[in-house]
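In this note's numbering, the protein residues as written are 1 to 78.
Single-structure report; data block below.
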């Protein structure tokens with residue numbers, strides 16, 4: 001049932017984007033959005049789910065979800 005809910009959400013999102021002429025970009029499920037520094041690009045492979053703040057050696061300290069959203073907003077723009 002849970003998968004069906006996500007399937008319907010994705011189907012509706014695809015339909016609405018097509019209807020409005022918007023290109024839908026779907027990130028690869030293994031893209032490390034929360035493990036990549038949004039400032040310098042360093043990837044922390046050992047980052048755990050319980051780590052809610054992303055601290056990078058470049059000096060960036062940012063909420064993990066905010067960091068991921070910044071990375072996803074740049075996805076496929078490079």
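Glycine included, each C-beta is placed from N, C-alpha and C at the ideal position.
For the pair residue 76 and residue 30, the Cα-to-Cα distance works out to about 14 Å.
By the 16-neighbour rule on beta-carbons within 10 angstroms, residue 54 is buried. Classified as exposed, residue 27 has fewer than 16 neighbouring CB atoms from the shown chains inside 10 Å of its CB. Straight across, the Cα-Cα distance linking residue 19 with residue 57 is about 44 Å. In the three-state scheme derived from DSSP, where H, G and I count as helix and E and B as strand, residue 54 is classed as strand.
Here the alpha carbon of residue 60 sits roughly 30 Å from the alpha carbon of residue 24.
Going by DSSP, residue 65 is part of the alpha helix (DSSP H) stretching over 64 to 73.
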